[in-house]
Amino acid sequence: MKIFKTAADRLVRYFEKSRDAWKARALQKQQQVRSLEVRVRDLSISRDYWKKKAKEAEKPQRETSKKEHSSRKNELKKIDEDKLSSPEKCMDLTEDKIIEGEVIEGEVIEGEVIESNRAIAVLEKKTTLLLPPAHHTYPVFIIQLAIQQVIYAGTSLRGCERNFELFAQFFCLPIPGFSSIRQWLLRIGLYLLQTKQEFRSDWIMIVDLTIELGTAKCLLILGVPLAHLLAAMAEREKGDNPDDNSCVLQHQQVKVLSIEVLTTVTGEVINDKLEALSEKVGIPLQLVADQGSDVKKGIKLFQQKHEDTLYTPDITHQMALFLKHQLEENERYLSFANQCSATVRSLQQTALHFLKPPAQRTKARWLNVARPVEWAQRVLAYQAAGDFTAVDPTYVFDVEAYRLVEDKVDQGSSRLLMKWWDSKVIYPDRASFSSAVCGCIGEEAFAKYGEIIGEAADKGRRYFQEKLGWVACYRDEIACYAEMIELVQIVQQQVKQEGLSQTSCMDFENSIKDKVLTAPAEQIKEQIIGYLTEQGGKVPAGEIRLGTSDVIESIFGKYKQHTANSPLKEVGKMILTIPIFVTKITGDLVKRAMESVSTIDVKKWADQIFGPSALSKRREAFMLKNET
Numbered sequence: 000m001k002i003f004k005t006a007a008d009r010l011v012r013y014f015e016k017s018r019d020a021w022k023a024r025a026l027q028k029q030q031q032v033r034s035l036e037v038r039v040r041d042l043s044i045s046r047d048y049w050k051k052k053a054k055e056a057e058k059p060q061r062e063t064s065k066k067e068h069s070s071r072k073n074e075l076k077k078i079d080e081d082k083l084s085s086p087e088k089c090m091d092l093t094e095d096k097i098i099e100g101e102v103i104e105g106e107v108i109e110g111e112v113i114e115s116n117r118a119i120a121v122l123e124k125k126t127t128l129l130l131p132p133a134h135h136t137y138p139v140f141i142i143q144l145a146i147q148q149v150i151y152a153g154t155s156l157r158g159c160e161r162n163f164e165l166f167a168q169f170f171c172l173p174i175p176g177f178s179s180i181r182q183w184l185l186r187i188g189l190y191l192l193q194t195k196q197e198f199r200s201d202w203i204m205i206v207d208l209t210i211e212l213g214t215a216k217c218l219l220i221l222g223v224p225l226a227h228l229l230a231a232m233a234e235r236e237k238g239d240n241p242d243d244n245s246c247v248l249q250h251q252q253v254k255v256l257s258i259e260v261l262t263t264v265t266g267e268v269i270n271d272k273l274e275a276l277s278e279k280v281g282i283p284l285q286l287v288a289d290q291g292s293d294v295k296k297g298i299k300l301f302q303q304k305h306e307d308t309l310y311t312p313d314i315t316h317q318m319a320l321f322l323k324h325q326l327e328e329n330e331r332y333l334s335f336a337n338q339c340s341a342t343v344r345s346l347q348q349t350a351l352h353f354l355k356p357p358a359q360r361t362k363a364r365w366l367n368v369a370r371p372v373e374w375a376q377r378v379l380a381y382q383a384a385g386d387f388t389a390v391d392p393t394y395v396f397d398v399e400a401y402r403l404v405e406d407k408v409d410q411g412s413s414r415l416l417m418k419w420w421d422s423k424v425i426y427p428d429r430a431s432f433s434s435a436v437c438g439c440i441g442e443e444a445f446a447k448y449g450e451i452i453g454e455a456a457d458k459g460r461r462y463f464q465e466k467l468g469w470v471a472c473y474r475d476e477i478a479c480y481a482e483m484i485e486l487v488q489i490v491q492q493q494v495k496q497e498g499l500s501q502t503s504c505m506d507f508e509n510s511i512k513d514k515v516l517t518a519p520a521e522q523i524k525e526q527i528i529g530y531l532t533e534q535g536g537k538v539p540a541g542e543i544r545l546g547t548s549d550v551i552e553s554i555f556g557k558y559k560q561h562t563a564n565s566p567l568k569e570v571g572k573m574i575l576t577i578p579i580f581v582t583k584i585t586g587d588l589v590k591r592a593m594e595s596v597s598t599i600d601v602k603k604w605a606d607q608i609f610g611p612s613a614l615s616k617r618r619e620a621f622m623l624k625n626e627t
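For the sequence shown, the residue numbers in numbering that gives the first Met the number 0 are 0 to 627.
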């Protein structure tokens with residue numbers, strides 16, 4: 000017997016309290032068991048009821064089918080007797096006894112069996128969706144609906160909760176909280192991340208790094224088997240739509256092979272991660288990445304050991320480098336870019352706000368050279384059209400207008416206009432202004448000078464000229480920039496849609512053979528040909544390789560969109576949403592993930608990978624400050 004040092008009266012109170020607690024737990028468990036028994040009873044009654052209903056509904060159909068088969072059997076019997084009675088008609092009757100979709104002898108109705116199996120499969124699928132995963136409260140379809148709202152519709156977590164509140168007004172649905180939805184996302188993401196990938200020898204891996212606030216960086220490695228690309232190309236050739244972008248990878252066509260959170264990123268670290276991944280899924284056939292220094296160095300180190308692995312610089316980043324080398328020291332282009340930036344600010348609160356240039360990015364601006372150039376081309380086209388009513392439809396002949404036409408009209412008309420402009424009347428449109436001008440200088444002079452005077456008095460045109468007239472000063476340069484951008488877009492479209500091959504260079508040259516290019520555009524063309532010759536020459540004859548990492552850029556963009564409202568923008572647990580981006584969410588997947596990965600598993604994984612988050616450190620620091 001165990002000897003306690005505590006006083007007996009205290010022990011009595013303690014054990015009594017402990018006994019009561021256990022009794023309460025036992026009663027609670029009994030109530031739960033009773034509740035489950037009642038539920039099983041109700042479900043059994045419901046199942047029997049609907050089973051009876053289903054059989055009653057099928058009974059008339061079975062009787063009708065039996066009558067039809069009996070009638071058909073009698074007809075066949077009569078035909079057989081007729082054939083047997085006349086030797087010239089006698090033949091093998093085996094095939095005649097088989098009717099499409101049915102077997103007469105056993106009276107087994109094959110069509111009904113297939114239909115019944117399909118109905119059972121559909122019923123099982125619906126049952127899976129309606130029931131909660133083991134040890135969960137919410138049914139599978141609620142979890143699936145929440146995940147799809149966040150991932151596919153781009154709804155925020157709190158917005159998703161509000162959506163369920165709206166649904167509950169019309170349907171009898173439970174309302175999960177935003178924190179539950181976040182945990183579902185993380186658990187499914189961790190389940191997908193921990194799923195073992197297929198070991199293959201034809202992986203094409205796409206590698207990139209994303210950087211947020213803090214020291215952590217996320218290394219993402221996606222994979223797509225070459226066989227899938229070749230199959231897509233074959234489908235394209237056979238398909239009805241020859242313009243199908245078979246080499247343009249969609250999110251769900253790639254697999255997340257690895258997500259690594261790194262605090263130190265060097266070429267050696269990247270190489271180590273690639274080596275470790277190759278041991279799990281196989282040595283890659285090709286590596287595609289931008290030309291970031293650390294990633295590029297890591298891939299070069301990896302190639303020293305695996306010479307058969309092809310490294311292809313992403314076509315988008317390579318073209319941006321060509322444009323950068325061409326334009327970064329071009330004074331006219333830099334002046335044009337500065338004018339665009341200044342114009343954005345000056346037009347924000349004006350009548351010309353709808354014509355303001357696109358905001359230029361501080362990062363990756365050489366990837367977006369086309370945007371300001373295309374804007375400038377559209378502004379010049381708008382100016383050439385001569386309709387400025389959207390800016391200001393009114394006309395006024397004032398001192399400014401008189402100065403614009405003073406040297407362009409004869410002396411008689413000039414004297415008449417000088418007397419007239421003092422009235423400062425504002426005309427609502429061109430017609431009323433033209434009528435007034437005609438009355439002032441006469442029909443003959445109006446026929447000669449009316450257009451010039453109208454342009455000078457057009458307030459919309461004058462305001463446009465004041466704020467955006469500078470664009471016309473770069474007309475020749477804009478045409479040159481547009482030529483370079485067109486070449487870049489042609490080769491990007493070709494490589495992204497058709498892949499990279501030994502014929503890529505020839506295909507590009509054929510597509511631009513009729514173009515007459517300026518000297519800067521000719522330099523870009525030669526650089527593009529050099530890139531296609533070098534990279535296409537590494538591809539085995541008759542084969543295709545991937546030439547772009549756009550899919551990984553798109554996935555990172557989607558991830559950043561989901562984390563844009565984070566209090567502190569750092570690489571954190573929400574990187575587990577990335578595997579969900581590339582996966583089709585089904586009820587079976589949700590059920591398996593919920594039953595395999597718990598919230599505790601996510602916490603252990605996050606603690607191991609990240610440690611305390613920046614937000615938790617911030618809260619702790621500010622709490623200590625408040626206490627002091």
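Backbone N, C-alpha and C define an ideal beta-carbon position, used for all residues, glycine too.
Are residue i and residue j touching if we call contact CB-CB under 9 angstroms?
i: Val264; j: Lys216; result: yes
i: Gln302; j: Leu225; result: no
i: Asp207; j: Val294; result: yes
i: Phe463; j: Phe387; result: yes
i: Ile205; j: Val223; result: yes
i: His250; j: Phe580; result: yes
i: Ile484; j: Glu328; result: no
i: Gln496; j: Gly535; result: no
i: Ile142; j: His135; result: yes
i: Lys537; j: Leu185; result: no
i: Tyr190; j: Ala592; result: yes
i: Ile203; j: Val260; result: no
i: Val490; j: Ile543; result: no
i: Val570; j: Phe609; result: yes
i: Gly297; j: Val390; result: no
i: Ile554; j: Leu219; result: yes
i: Ala400; j: Ala455; result: yes
Note the first and the last residue of the continuous beta strand (DSSP E) segment covering residue i.
i: Asp207; result: Trp202 to Ile210
i: Leu261; result: Lys254 to Leu261
i: Lys216; result: Lys216 to Pro224
i: Val372; result: Careful: Val372 lies outside any beta strand (DSSP E), inside the alpha helix (DSSP H) at Ala369 to Ala384.
i: Thr315; result: Looking at the DSSP string, Thr315 is not in any beta strand (DSSP E); the run it does join, the alpha helix (DSSP H), is Ile314 to Leu326.
i: Val570; result: No beta strand (DSSP E) contains Val570, which DSSP labels as neither H nor E.
i: Gln285; result: Gln285 to Ala288
For the alpha helix (DSSP H) containing residue i, name the first residue and the last one.
i: Tyr462; result: Lys458 to Leu467
i: Pro578; result: Thr576 to Phe580
i: Gln148; result: Val139 to Ile150
i: Thr532; result: Ala518 to Gly536
i: Val550; result: Asp549 to His561
i: Gln493; result: Arg474 to Glu497
i: Asp307; result: Note, Asp307: premise wrong, no alpha helix (DSSP H); not H, not E.
i: Ser645; result: Limits of the chain in this structure are 0 at one end and 627 at the other, which puts residue 645 out of reach.
i: Phe170; result: Phe170 -> no alpha helix (DSSP H), and no H or E assigned at all.
i: Leu351; result: From DSSP, Leu351 is part of no alpha helix (DSSP H); its letter is neither H nor E.
i: Val589; result: Gly586 to Ser595
i: Ala400; result: Val398 to Val404
i: Ile599; result: Thr598 to Ile608
With 16 as the cutoff for other CB atoms within 10 Å, does residue i come out buried or exposed?
i: Glu104; result: Note that Glu104 scores a pLDDT of 39, beneath 50, so its modelled location is shaky; the value from the coordinates is reported in the next line. Glu104 should be labelled exposed.
i: Ser503; result: buried
i: Glu465; result: exposed
i: Pro175; result: buried
i: Ser355; result: Going by the sequence as given, residue 355 is Lys instead of Ser. With 16 or more other Cβ atoms within 10 Å, it is buried.
i: Arg461; result: buried
i: Val487; result: buried
i: Glu405; result: exposed
i: Ile44; result: exposed
Rank the options by C-alpha distance to the C-alpha of residue i and give the top, closest one.
i: Pro283; options: Asn337, Ser200 and Leu219; result: Ser200
i: Tyr473; options: Leu333, Gly449, Thr393 and Phe445; result: Leu333
i: Gly281; options: Ile314, Thr315, Lys195 and Phe321; result: Lys195
i: Glu508; options: Leu499, Lys524, Arg38 and Ala518; result: Lys524
i: Leu467; options: Ala53, Lys603 and Ser340; result: Ser340
i: Leu192; options: Asp19, Leu575, Leu588 and Ser179; result: Leu575
i: Pro371; options: Cys439, Val470, Tyr401 and Glu15; result: Val470
Is there a C-beta anywhere in chain B that falls below 9 angstroms from the one on residue i?
i: Glu274; result: Considering every chain present, this structure includes no chain B. It has just one protein chain.
Consider the C-beta atom of residue i and the heavy atoms of the ligand SAM; say whether any pair is separated by less than 8 angstroms.
i: Gln348; result: Within the structure as shown, the ligand SAM is missing, as the structure has no ligands at all.
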